[in-house]
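Which chain is which? The protein sequence lines are G and H, in order. Letter by letter, the first sequence follows residues 3 to 316 in this note's numbering. Letter by letter, the second sequence follows residues 3 to 316 in this note's numbering. All C-beta atoms, glycine included, are put in the ideal place defined by N, C-alpha and C. Here the structure is laid out as C-alpha cells; the discussion comes afterwards.
Number of protein chains: 2
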Amino acid sequence: MNPTAIGIDFGGTTVKFGVVEGAEIIARAPALTTKDYRDHEILLQAIRETVAELRRANPAVEAIGAGLPGIIDSVNGRVYQLSNVPGWEDVPLTALLEEWTGLPAAIDNDANAMAYAEWLYGAGREATNVVCVTLGTGVGGGLILDRKLYRGSQLGAGEIGQMMIDPDGPKGQYGNNGALEKYVGNFQIAERAQALYRDAGLTKSWEECSPLALETAARSGDRIAEQVWNEVGCAIAITLCNIVWLLNPDRIVVGGGVAKAGEYVFGPIRRVITERTMKVFHQDLTIVPAKLGNDAGIIGSAALALDKKAASSG
Amino acid sequence: MNPTAIGIDFGGTTVKFGVVEGAEIIARAPALTTKDYRDHEILLQAIRETVAELRRANPAVEAIGAGLPGIIDSVNGRVYQLSNVPGWEDVPLTALLEEWTGLPAAIDNDANAMAYAEWLYGAGREATNVVCVTLGTGVGGGLILDRKLYRGSQLGAGEIGQMMIDPDGPKGQYGNNGALEKYVGNFQIAERAQALYRDAGLTKSWEECSPLALETAARSGDRIAEQVWNEVGCAIAITLCNIVWLLNPDRIVVGGGVAKAGEYVFGPIRRVITERTMKVFHQDLTIVPAKLGNDAGIIGSAALALDKKAASSG
C-alpha cells in the first residue's frame with residue numbers, strides 16, 4: 003500500500019476532505035459549508051472533528067495537508083488571509099493540524115496544490131515546465147518549473163489573473179488596470195454576455211450567462227455565446243503568450259469552469275499563442291484542460307503533505 | 003588560487019575574450035570585430051587563435067565558455083542562429099571549443115550568461131529569484147529562479163523584450179504586436195525623442211537622441227528628454243509588473259545602455275511597480291542597475307563553463 007494522507011481543500015464557500023493514496027481519493031468526509039459557522043474558531047472546531055473522524059476510519063494516514071485561497075505562508079504554516087472567509091487573520095494552521103492529529107502537516111495556496119496535483123497525476127504529467135491557470139470567480143495560477151513547484155520569494159508566485167493585458171483597461175484592485183481577471187472572471191464573462199445580448203435586443207438572466215449556460219448556448223450555435231468564448235480565449239491567450247515568452251514551458255493546463263467550454267475557448271487560445279510567439283516556443287507546447295477537476299485541491303494538498311514529511315525525514 | 007576559465011562574449015559586432023577568476027577578469031585578449039571576417043569559418047579560425055594565445059599566457063585555465071546572442075542550444079552545444087552575424091547555422095561550438103583546447107566547454111545565450119554573472123558576483127548577489135533585463139538595440143532577459151539559472155523547455159526562456167504591453171500596439175516580428183522591445187529598444191527611443199522634439203519645433207540628429215545623449219540632456223533639465231525616459235521607464239515597468247505577479251522575485255537587475263539613465267528611468271520603474279502590484283510583492287523587492295557592465299558576458303560564460311565542469315566531474 004502506498005502512503006496515504008488527508009487532503010483538505012478550502013474553497014470560497016465549502017471545505018472538502020479526502021483521504022488520498024497517490025492519485026486516488028479512497029475516502030471522503032462530508033464537506034462543510036463555511037457560512038454555516040459563525041466564526042473561524044467554530045469552523046476550525048468542525049474541521050478538527052471531521053479530520054478526527056476520517057482518521058478513525060483510516061488509521062494508516064501519515065500526513066495531513068490543506069490548500070487554501072488567500073495569503074498563505076507555506077513555510078511558516080500560517081494563513082494570513084482567506085479569500086471570501088472573514089476572520090482568518092494569522093491562523094497558524096499547520097501547527098493546529100499537527101497538534102490535533104500528531105501527524106506532519108503542510109498548507110499551501112490552493113492554486114499551488116492544484117498545479118502540483120495536475121503535474122503529478124493529471125494533465126501536467128511528465129512535463130518539465132508547467133503553467134496551470136484556473137478560471138473561476140477569480141483567475142489563479144501555479145507554476146511547476148524544472149520539475150518543482152515554484153513559489154516565489156514571498157510565496158506569492160502564480161498570480162496570473164493579476165497580470166495586465168491592457169494597462170489602460172478597467173481599474174484593478176491593486177492598481178493593475180486591465181488585469182486578465184477583469185476580462186475572464188465568471189462575473190465579467192456574464193456581464194459581457196448580458197451586454198452583447200442586450201445589444202442584440204435580447205434580455206438574458208444572470209443564470210443564462212453563467213459559463214455552463216454559455217457553453218450550452220455555444221454548442222447549440224448561439225453566435226453571441228461563441229463570440230463571448232472567443233473573446234475570453236483571446237484574453238487568456240495574451241497573458242499566456244507573455245508567460246510563454248518569459249518561461250518557455252512545455253505544458254499549459256487550463257482548469258476551472260471556463261475551461262469546460264472546450265474548443266470554444268481552447269481554439270482561440272491555441273490560435274493566438276501560435277500567431278504571437280516564435281515557432282520554437284509553441285511547436286512542442288501542449289495546451290490542455292485540467293484532468294482532476296474538483297479533486298485537484300484535495301489530491302495536491304495530500305501530496306504536498308507527504309512530500310514535506312519525506313523531505314523532513316530524509 | 004581559484005579555478006580560472008576563459009570567457010568569450012559574442013556581441014552584435016565584436017567578440018571579446020577574458021581569463022576569469024571568480025568575479026575578476028585577470029587577462030584579456032584584443033576583441034575581434036565580426037565584420038572584418040569574410041565568413042564564419044574565418045571568424046572561427048580567428049577565435050581559435052585568440053583562445054590559443056590566451057591559454058599560452060594562462061596555462062592554469064580549466065574550462066572555456068561562450069555567451070552568444072541568438073538561438074543557442076546550451077544542452078547540445080550548438081549555435082543555430084547568431085543575431086546580426088550571418089552564416090552561423092547549426093555550428094557545434096561547444097565541440098569545436100573542446101577540440102581546439104582539450105578543455106571542457108559550455109555555451110549559452112548571452113542574456114543567460116549576463117544574468118548568471120550578475121547573480122553570482124554583481125547586482126543580483128544573495129537574491130533567491132532574480133529577473134535580469136538588458137536594454138540595448140533589443141531587450142533581453144535572464145532568470146535565476148530558486149538560485150538556479152532557469153532556461154525553459156526549449157532553452158528559450160527570458161524573452162522579456164517580446165512580452166506584449168499593448169496587444170493592439172505596433173506590429174511585432176512574431177505577431178506579438180505591442181511587444182516591450184517596440185517601445186524601449188535604442189532605435190525606438192531615438193525615434194520617439196526625435197518625434198517629440200519635432201513637435202516642439204526642434205530638429206535633433208540621430209546622435210542627439212542616443213540613450214547617452216538623452217541621459218545628458220535629462221540631467222541638464224531638458225523636459226523632452228525627461229519625458230522620453232519617463233515613458234521608457236513606464237513601459238518597462240508594465241512588463242516587470244506582470245513578471246512580478248507571475249514570479250514574485252526579490253531582485254530585478256536592469257542593465258544595458260538605457261539603464262545608465264539612472265533615476266530618470268529607475269524612478270518611473272519603481273513608482274509603477276509600487277502602484278500596480280500588491281504590497282507583499284514589492285515591499286521586499288529591490289530594483290537595481292547591473293553592476294558588471296560590459297564584463298558580465300565574459301564573467302558569466304566563464305562561470306557557466308566552470309559549473310559545467312564541476313557538475314560533470316562531481
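Measure the beta-carbon distance from residue i to residue j and round it to whole angstroms, keeping in mind my assumption that it falls under 8 angstroms.
i: G:Gly9; j: G:Val22; result: 5 angstroms
i: H:Ile109; j: H:Val81; result: 7 angstroms
i: H:Ala239; j: H:Pro270; result: 6 angstroms
i: H:Glu120; j: H:Leu294; result: 6 angstroms
i: G:Gly154; j: H:Leu249; result: 6 angstroms
i: G:Leu157; j: G:Asp75; result: 6 angstroms
i: G:Thr52; j: G:Ala29; result: Rounded, the Cβ-Cβ distance is 12 angstroms, inconsistent with contact.
i: H:Arg194; j: H:Glu233; result: 7 angstroms
Whole angstroms are fine: how far does the CA of residue j sit from the CA of residue i?
i: G:Asp286; j: G:Arg272; result: 12 angstroms
i: H:Asn179; j: H:Ala220; result: 30 angstroms
i: H:Thr96; j: G:Phe19; result: 53 angstroms
i: G:Tyr39; j: G:Gly14; result: 14 angstroms
i: G:Val186; j: G:Ala192; result: 9 angstroms
i: H:Val63; j: H:Gly258; result: 29 angstroms
i: G:Ile27; j: G:Met3; result: 14 angstroms
i: H:Met116; j: H:Val135; result: 10 angstroms
i: G:Ala215; j: H:Thr130; result: 45 angstroms
i: G:Leu98; j: G:Thr35; result: 20 angstroms
i: H:Ser85; j: G:Gly89; result: 56 angstroms
i: H:Gly72; j: H:Met166; result: 20 angstroms
i: H:Glu91; j: H:Asn60; result: 31 angstroms
i: H:Leu56; j: H:Gly79; result: 22 angstroms
i: H:Asp2; j: H:Gly223; result: Outside the shown range of chain H (3 to 316) lies residue 2 of chain H, about which nothing can therefore be said.
i: H:His284; j: G:Gln175; result: 15 angstroms
i: H:Ala54; j: H:Gln190; result: 40 angstroms
i: G:Trp208; j: G:His42; result: 31 angstroms
i: H:Ala107; j: H:Val77; result: 11 angstroms
i: H:Asp309; j: H:Lys37; result: 32 angstroms
i: H:Phe12; j: H:Ala48; result: 13 angstroms
i: H:Ala305; j: H:Glu210; result: 38 angstroms
i: G:Gly264; j: G:Ile289; result: 12 angstroms
i: G:Ile162; j: H:Asp170; result: 20 angstroms
i: H:Val93; j: H:Met280; result: 46 angstroms
i: H:Gln83; j: G:Val282; result: 13 angstroms
i: G:Thr317; j: G:Val87; result: Beyond the ends of chain G as shown, which are 3 and 316, falls residue 317 of chain G; an answer cannot be given.
i: H:Ala237; j: H:Leu198; result: 17 angstroms
i: G:Asn111; j: H:Leu46; result: 51 angstroms
Quick one, are the C-beta atoms of residue i and residue j less than 7 angstroms apart?
i: G:Val255; j: G:Gly143; result: no
i: G:Glu314; j: G:Gly69; result: It should be noted that the sequence gives Ser, not Glu, for residue 314 of chain G. Contact flag unset, no.
i: G:Arg278; j: H:Gly160; result: no
i: G:Tyr118; j: G:Ala25; result: no
i: H:Ala1; j: H:Lys311; result: The structure shown has nothing for residue 1 of chain H, since chain H only spans 3 to 316.
i: H:Asn188; j: H:Thr218; result: no
i: G:Gly235; j: G:Val267; result: yes
i: H:Ala7; j: H:Ala292; result: no
i: H:Arg253; j: H:Val132; result: yes
i: H:Val321; j: H:Glu183; result: Outside the shown range of chain H, which is 3 to 316, sits residue 321 of chain H, and nothing can be said about it.
i: H:Ala181; j: H:Gln164; result: yes
i: G:Leu151; j: G:Asn114; result: yes
Using a Cβ-based criterion (distance less than 6 angstroms to any ligand heavy atom), does residue i qualify as near the ligand ATP?
i: G:Glu120; result: Inclusion of the ligand ATP in the displayed structure is not the case, the ligand content being empty and no account of it being possible.
Using a Cβ-Cβ cut-off of 7 angstroms, state whether residue i counts as contacting chain C.
i: G:Met116; result: Structure shown: chain C not included; protein chains present are G and H.
query: Is it a yes or a no for the segment 291-299 of chain G touching the segment 224-243 of chain G, going by three-plus beta-carbon pairs under 8 angstroms?
result: No: fewer than three Cβ pairs fall under 8 angstroms.
query: Where in the segment 138-211 of chain H do unbroken runs of the beta strand (DSSP E), each at least 3 residues long, occur, reported from the N-terminal end onward?
result: Taken in chain order, the whole beta strand (DSSP E) runs of length 3 or more contained in the segment 138-211 of chain H are 141-147, 150-152.
- prompt: Okay, do the segment 238-252 of chain H and the segment 241-254 of chain G touch, 3+ Cβ pairs below 8 angstroms being the bar?
  reply: A contact between stretches requires three or more CB pairs, one per stretch, nearer than 8 angstroms, and the segment 238-252 of chain H meets this requirement with the segment 241-254 of chain G.
message: Which runs of the beta strand (DSSP E) at least 3 residues long sit entirely within the segment 83-121 of chain H? Give them in chain order.
response: The segment 83-121 of chain H contains these whole beta strand (DSSP E) runs: 107-111.
Runs of beta strand (DSSP E) wholly within the segment 246-293 of chain G (minimum 3 residues, chain order): If we require 3 residues or more, the beta strand (DSSP E) runs fully inside the segment 246-293 of chain G come out as 253-258, 288-291.
query: Curious, which full-length beta strand (DSSP E) runs of at least 3 residues does the segment 20-50 of chain H contain?
result: Fully enclosed beta strand (DSSP E) runs of 3 or longer: 26-35.
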